[in-house]
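Notes follow the structure.
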Amino acid sequence: MSNDIRGLPGAPALAPDTLAVRAGIERSQFNEHSEALYLTSSFVFDNAAQAAARFGDREEGNVYSRFSNPTVTALQTRLAALEGGESCIATASGMAAILSLVMAVLKAGDHIVASNGLFGSTVQLFANQLSKFAIDTTFVPATDLAAWRAAVRPSSKLFFVETPSNPLTEIVDIAAVAAIAHEAGAILAVDNCFCSPALQRPLRLGADIVIHSATKYLDGQGRVLGGAVVGTRRITGEVFRFLRNAGPALSPFNAWVILKGLETLRLRMEAQSENALRLANWLEGQPAVSRVLYPGLPSHPRHELAMRQQRRGGAVVSFEVEGGREAAWRVIDATRIISITGNLGDTKTTITHPASTTHGRITPEARAAAGITEGLLRIAAGLEAVEDIQADLARGLGG
Ligand SMILES: *Cc1c(COP(=O)(O)O)cnc(C)c1O
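Going by the numbering used here, the first residue of the sequence shown is number 33, and it counts up by one from there.
If you want it as structure tokens, here you go:
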């Protein structure tokens, strides 16, 4: 096998745009130009001694695709390079990444401090599943640093944040929360799904771990599920040991699709952020819209912090319409182009009503406390012409 970056041992010093298309390529004896897809569940050995050495970890090499696969390894190498991390472990989904991390670094009696604007399944996992194994979680208001400090216990081992948050686009100060975590002897994991490494690199800001749902912007075309844990070899080594025994490994096919997605990641994130900014500006001028939440807008309460830790505002825009649920549903039902779906991260623009979908199962009181009002809508801007998306929304806004 030969590496694509010829004789350049300092590959991580290359610019992200170069790494996004070249990092991780190991050519086979056929010298293929593009990344090969190795659809095989297991690997053969030259002889019995080699089999024994591979199983005994005395020789590096592939054994079985639950442990490692060359296509998955290529993705891991590329994603680690893009995030600026030592090492990456790819997983079957974003939730598999989060589960693998907590199983790797926590034990019964340990405590998690997490921001309260997390992805719904992450909240369920922490609050309802991990609690069965005596791992408690305290959820704190994402932007209240005093609350993060007050939540610390001697058993706090993991801090977990998502920024910007979904759907309210709250911005967590990664460097400040990292400092609180480290003072408490804990590690900080950042779910970087909304920004991707094209816009935000949490490890540079002091985070210890980056989590990805590769299902979203890393693939970017809504085709496959995938996830990743990026960080120091010490931590990813533990994650690998869990994955190897528990099994939520990424399929080589999905890894190959996500590798292709990474090649256009920055271009997509720039273009989708630009479309989101233009939509957000336009929405601010609509009489039926009472509030627009977008980190790229100067009116966002944490605009300055967002622009310090992210290169762009990202693709997700939330806004509130006058007239509650009825008015919000009218906007959705009047669209002809935008996909009505809770998913995001795609080249196709999507719209959702959080109060009746992604946040529909929590009590109305909890929703109100979290700021998810009945008039709130969330859009994830895609790559369509922004004029067409505006016209699609204008119909239901009475514009
Ligand atoms: C979708 C999502 C996840 C979960 O990822 P899956 O690939 O669906 O398992 C985790 N975090 C965030 C922020 C997400 O949007």
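C-beta atoms are modelled at their ideal positions from N, C-alpha and C, and glycine is treated no differently.
- Comparing alpha-carbon positions, the option among Ala-83, Thr-195, Phe-226, Pro-199 lying closest to Arg-300 turns out to be Phe-226.
- When rounded, the separation of the alpha-carbon atoms in Leu-237 and His-332 is 21 Å.
- Not one heavy atom of ligand 1 lies closer than 7 Å to the C-beta of Phe-191.
- Between the region 307-314 and the region 343-359 there are three or more C-beta pairs closer than 8 Å, enough to call the two in contact.
- For secondary structure counted as the alpha helix (DSSP H) over 4 or more consecutive residues, the region 67-106 holds these complete runs in sequence order: 80-87.
- Around the Cβ of Ile-372, a 10 Å sphere holds fewer than 16 other Cβ atoms; the residue is exposed.
- Listed in chain order, the beta strand (DSSP E) runs fully inside the region 252-291 are 259-263, counting runs of at least 3 residues.
- Following the DSSP letters along the chain, one finds Asp-168 inside the beta strand (DSSP E) bounded by residues 168-172.
- The Cβ atoms of Thr-123 and Leu-275 sit closer than 8 Å to each other.
- For Ala-239, the three-state secondary structure derived from DSSP is coil.
- Ile-290 has its alpha-carbon roughly 20 Å from the corresponding atom of Ser-132.
- Remark: C-beta atoms of Val-193 and Glu-115 do not approach each other more closely than 8 Å.
- Counting C-beta pairs closer than 8 Å gives three or more between the region 158-168 and the region 137-150, which meets the contact rule.
- In the displayed model, Asp-205 falls within coil according to three-state DSSP, outside both helix and strand.
- Residue burial annotation: Gly-407 is buried, with at least 16 other C-beta atoms found within 10 angstroms of its C-beta.
- Ligand 1 never approaches Cys-120 closely enough for any of its heavy atoms to be under 7 Å from the residue's Cβ.
- For the pair of segments examined, the region 245-261 was found not to touch the region 69-78: the number of CB pairs separated by less than 8 Å stays below three.
- Taking all protein chains shown into account, Ser-60 has fewer than 16 neighbouring C-beta atoms within 10 Å of its C-beta and is therefore exposed.
- Around the beta-carbon of Val-418, 16 or more other beta-carbon atoms lie within 10 Å, marking it buried.
- Its Cα nearest to that of Asp-365, the residue Leu-409 stands out among Leu-409, Thr-395, Arg-340, Thr-405.
- Comparing alpha carbon positions, the residue from Lys-139, Val-353, Ala-113 closest to Thr-405 is Val-353.
- In this structure the region 89-101 touches the region 266-286; the number of beta carbon pairs closer than 8 Å is three or more.
- By the Cβ neighbour-count rule, Gln-161 is exposed, with fewer than 16 other Cβ atoms within 10 Å of its own.
- Proximity to Ile-203 across Val-222, Ala-213, Ala-211, Ile-212 peaks at Val-222, based on C-alpha coordinates.
- A distance below 6 Å between beta-carbons, with the five flanking residues on each side excluded, links Arg-90 to no residue of its chain.
- Per DSSP, reduced to three states, the secondary structure at Ala-183 is coil, with no helix or strand assignment.
- Here Ser-245 is bridged, per DSSP, to Gly-259.
- Straight-line measurement puts the Cα of Ala-359 at about 36 Å from the Cα of Ile-130.
- Taking every protein chain shown into account, the CB of Ser-188 has 16 or more other CB atoms within 10 angstroms, so this residue is buried.
- In the same chain as Arg-357, and ignoring 5 residues on each side of it, the C-beta atoms closer than 6 Å to its own belong to Glu-406, in chain order.
- Take the alpha-carbon of Ala-413 and the one of Pro-196: they are about 15 Å apart.
- For Pro-173, the CB contacts under 7 Å within the same chain, skipping 5 residues up- and downstream, are Asn-148, Ala-179 in chain order.
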